[in-house]
Structure formats: structure tokens, C-alpha cells
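The structure appears below as C-alpha cells.
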Amino acid sequence: MEITELLRQGRDEEAWQRCCGFIDLSLEDFMRIQRRLLSEQLELLKRCELGRYIMNGATPRNLEEFREQVPSPPMTTMPLTS
18 MEITELLRQG
28 RDEEAWQRCC
38 GFIDLSLEDF
48 MRIQRRLLSE
58 QLELLKRCEL
68 GRYIMNGATP
78 RNLEEFREQV
88 PSPPMTTMPL
98 TS
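Numbering-wise, the sequence shown is residues 18 to 99 according to my numbering.
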């Protein structure tokens with residue numbers, strides 16, 4: 018069974034074991050680390066010129082605020098290549 022199917026079925030723990038079972042962390046611990054790392058990256062992004070441009074002056078404090086304050090570009094603006 019593919020990972021996407023496991024996730025669709027809500028079998029997150031099984032998907033985790035298949036993909037990352039070699040890591041001696043629980044899914045919750047792993048995600049806590051990922052959220053912390055992303056928060057660190059957001060702080061760095063707010064301090065650089067490119068980050069301020071991308072975020073259009075927004076200063077989100079966390080991922081939820083980033084999602085609310087920084088709109089992602091519509092997919093239709095991306096060039097399609099064949």
C-alpha cells in the first residue's frame with residue numbers, strides 16, 4: 018500500500034513507521050522539532066531583504082500567522098513547460 022493511501026485512511030502511525038521508522042522519535046516529537054526549525058527559519062526570513070519582500074511587510078510569529086498573513090501566489094502564475 019502506498020503512503021498516500023495510508024494517510025488518506027488516517028493510518029498516520031503506520032505511514033510514519035514506513036517512512037521514518039528508523040528515526041528514534043515519535044511522530045509528535047519529530048513534528049515538534051520541525052515546527053521549532055520552521056519558526057527559526059521564519060525569524061531569519063523576517064530579517065532579510067528577500068524575506069521582507071516575500072512577506073510584503075508582514076511579521077508573522079508562527080506558521081499559522083504566516084499562512085494567514087502571507088498569501089501564496091496562485092498556481093496559474095507559474096509557467097507551464099512541456
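Even for Gly, the Cβ is constructed at its ideal location relative to N, Cα and C.
Do residue i and residue j have their CB atoms nearer than 8 Å?
i	j	result
GLY30	LEU44	First, the amino acid is wrong: residue 30 is Glu here, not Gly. Contact flag set, yes.
ASN73	SER56	no
CYS36	PHE47	no
Exposed or buried, which one is residue i when buried takes at least 16 other CB atoms within 10 Å?
i	result
LEU59	buried
Who are the near neighbours of residue i in its chain, counting only those whose CB is closer than 6 Å to its CB and skipping five residues on each side?
i	result
GLY68	LEU62
By the three-class DSSP mapping on this structure, what secondary structure does residue i have?
i	result
GLN86	helix
GLY27	coil
PHE47	helix
THR21	helix
CYS65	coil
Output needed for residue i: all residues of its chain with C-beta closer than 7 Å, excluding positions within five of it in sequence on either side, in chain order.
i	result
PHE83	LEU59 and PRO77
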